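K.L.:
Going by our numbering, the letters in the sequence shown line up with residues -3 to 304, in that order.
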Amino acid sequence: MINPRLATGALAILALISDAASARPVRAQAVVPASAPVPVSASPYDKAPWWMRESVIAQTGYVYTELPANRATFSATFLAVDDTVEKAQAKAIQQTKALQQTLARLGKDSVRVTTGFSMRALYEQYRDKNGNRVEDQRGDKINGYQVSLNVSLEVRDMAALEKAYALVLAASPAQTNPIYFSLQPTNQTNTWLYTEAVKDARKRAADATDAAGGRLGGIKVVDPTGRACKTDILARNAADDWSAAQANEVDGGARYEARAMAPPPPPAPAMAMDGAEALEAKALANPFIQTPPLQRLEATACVVYGLN
């Protein structure tokens, strides 16, 4: 006879074995490391530079001055026409031969001269049905050639400007361009102007500190780029253009129109002069007063001072 308790225990064991066999295996879960922290967006503020660990004042100095222009440029055009390019070019050169000689006497350091040529063909013309003249632009319809000789002058010595300009007009060019003045500051001028800008920065900083009830300390930074005075640790702004703290070249134009001059009377045979001397005499008879205009030069300087 089977013991009921033993039968019940056996049935329980068989049930456990059956459940274990029928149970689905559990897939092992891989250990996933924690992902890297998401980077925080860039700060909208500039990081304070080292010289701002203490109380400071960043001051920009501004100065300007006015100086007479020391450069002048202008040009003139001479035209010549002939049946061949070579002949037309030779005529144009002959027109400016005396001018080139007289300008050379002024000195290369005072007046710099450059020349250039251009050419165009002159075609036969006919009238259309409306009576207008039209060029017959065909290779076999060329009547001649026109050569343009351009003489450009850069006057570096203002004392020679009046004479150079009068000589060019005395040569009777077909066209002249206006005089254009500019200022090329020297290294000494740039250095002096920047030094004055630094002095102005100190005066402004001292006045502002005194007005605020403080006392100006020593120099922390002298920044030629000016960026130190544009640092913004409260809110970042878009980058602004900042001119270097130096004197910048300033150009200015002045327009002068050439006056038509009557040809001089021919010299007496006994007092005949060569082309260069005749041109100089003609220029002296028609002087042109040219006064270089004033040009403005500006400079800035950025200086950072400590506060006591």
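Virtual Cβ for every residue (Gly too), placed ideally from N, Cα, C.
A quick note: this is a predicted structure, and the numbers were derived from the prediction, not measured.
Quick check: the Cα distance between Ala202 and Asn186, rounded to an integer number of angstroms?
P.N.:
So the two alpha carbons sit approximately 25 Å from each other.
K.L.:
Return the Cβ separation of Lys87 and Asp79 in integer angstroms, given the expectation that the two are a contact with Cβ distance under 8 Å.
P.N.:
In fact, because the Cβ distance is near 11 Å, the residues do not count as touching under 8 Å.
K.L.:
Measure how close the beta-carbons of Leu303 and Val52 come, nearest whole angstrom, since I'm counting them as under 8 Å.
P.N.:
That belief holds up - the Cβ atoms of Leu303 and Val52 are roughly 6 Å apart, short of 8 Å.
K.L.:
Using a threshold of 9 Å, state whether the C-beta atoms of Ser296 and Thr61 are closer than that.
P.N.:
It is worth fixing the name first, because residue 296 is Thr in this sequence and not Ser. Cβ distance not < 9 Å, so Thr296 and Thr61 don't count as in contact.
K.L.:
Please say whether Thr69 and Val194 have beta carbons closer to each other than 9 Å?
P.N.:
No, the pair does not count as a contact, with Cβ atoms beyond the cut-off.
K.L.:
Go ahead and label Asp124 buried or exposed: buried means 16 or more other beta carbons lie within 10 angstroms of its beta carbon, across all protein chains shown.
P.N.:
With fewer than 16 Cβ atoms within 10 Å of its Cβ, Asp124 is classed as exposed.
K.L.:
Who are the near neighbours of Asn173 in its chain, counting only those whose CB is closer than 6 Å to its CB and skipping five residues on each side?
P.N.:
For Asn173, where only same-chain residues beyond five positions count, the Cβ hits under 6 Å are Phe70, Ser71.
K.L.:
Could you give the residue range of the alpha helix (DSSP H) that holds Arg198?
P.N.:
Here the alpha helix (DSSP H) through Arg198 covers 183 to 207.
K.L.:
By the three-class DSSP mapping on this structure, what secondary structure does Ala258 have?
P.N.:
Bear in mind that a pLDDT of 40 at Ala258, under 50, signals an unreliable position, so the number given afterwards is only what the model happens to contain. Of the three classes helix, strand and coil, the one that applies to Ala258 here is coil, per DSSP.
K.L.:
Less than 8 Å between the CB atoms is what I'm expecting for Thr92 and Phe74, so what's the real figure, rounded?
P.N.:
Right, the Cβ-Cβ distance comes to about 6 Å (below 8 Å), so this counts as a contact.
K.L.:
Quick one, which of Met115, Ala207, Ala65, Leu95 has its alpha-carbon nearest Lys83's?
P.N.:
The residue with the shortest Cα to Cα distance from Lys83 is Met115.
K.L.:
What are the boundary residues of the beta strand (DSSP E) that includes Thr221?
P.N.:
Note, Thr221: premise wrong, no beta strand (DSSP E); not H, not E.
K.L.:
Considering only residues of the same chain and omitting the five flanking positions on each side of Glu294, which have a CB-CB separation below 6 Å?
P.N.:
Correct list, in chain order: Tyr60.
K.L.:
Roughly how many whole angstroms lie between the Cα atoms of Ser148 and Gln133?
P.N.:
When rounded, the distance between both Cα atoms is 31 Å.
K.L.:
What is the rounded straight-line gap between the Cα of Arg200 and the Cα of Ala207?
P.N.:
Their Cα atoms are separated by approximately 11 Å.
K.L.:
Taking the beta carbon of Tyr122 as the centre, do at least 16 other beta carbons fall within 10 Å, making it buried, or is it exposed?
P.N.:
Per the 10 Å Cβ criterion, exposed.
K.L.:
Here's the rule: buried if 16 or more other CB atoms are within 10 angstroms of the residue's CB, otherwise exposed. What is Leu290?
P.N.:
When all chains shown are included, Leu290 counts as exposed.
K.L.:
Since I believe Ala94 is in contact with Leu275 (beta carbons under 8 Å), could you give me their beta-carbon distance rounded to a whole number of angstroms?
P.N.:
With 8 Å as the limit, Leu275 and Ala94 qualify as a contact, their Cβ atoms being about 5 Å apart.
K.L.:
Between the beta-carbon of Arg198 and the beta-carbon of Val300, is there less than 9 Å?
P.N.:
Cβ distance not < 9 Å, so Arg198 and Val300 don't count as in contact.
K.L.:
Going by Cα to Cα distance, which pick from Val218, Asn128, Glu120 is closest to Lys137?
P.N.:
Out of Val218, Asn128, Glu120, Glu120 has the C-alpha closest to the C-alpha of Lys137.
K.L.:
Following the continuous alpha helix (DSSP H) through Ile89, name the residue where it begins and the one where it ends.
P.N.:
Residues 81 to 101.
K.L.:
For the candidate residues Val143, Leu189, Asn126, whose alpha-carbon lies nearest to that of Tyr58?
P.N.:
The option with the nearest alpha carbon to Tyr58 is Leu189.
K.L.:
For a test of the three-state rule: what should DSSP assign to Asp124, helix, strand or coil?
P.N.:
Asp124: coil per DSSP, three-state reduction.
K.L.:
Specify the secondary structure class of Asp247 as computed by DSSP and reduced to three states.
P.N.:
Residue placement at Asp247 is poorly supported in this model, since its pLDDT is 41, which falls under 50; the coordinates still yield a value, given next. Three-state DSSP puts Asp247 in a strand.
K.L.:
If I measure Cβ to Cβ from Asp153 and keep anything under 6 Å in the same chain, skipping five residues before and after, which residues do I get?
P.N.:
Contacts found: Ser106.
K.L.:
Would you report the Cα separation of Tyr252 and Arg108, rounded to the nearest angstrom?
P.N.:
Because Tyr252 sits at a pLDDT of 36, beneath the cut-off of 50, its placement in the model cannot be relied upon, and the following sentence gives the value as read from the coordinates. Rounded to whole angstroms, Tyr252 to Arg108 spans 20 Å at the Cα level.
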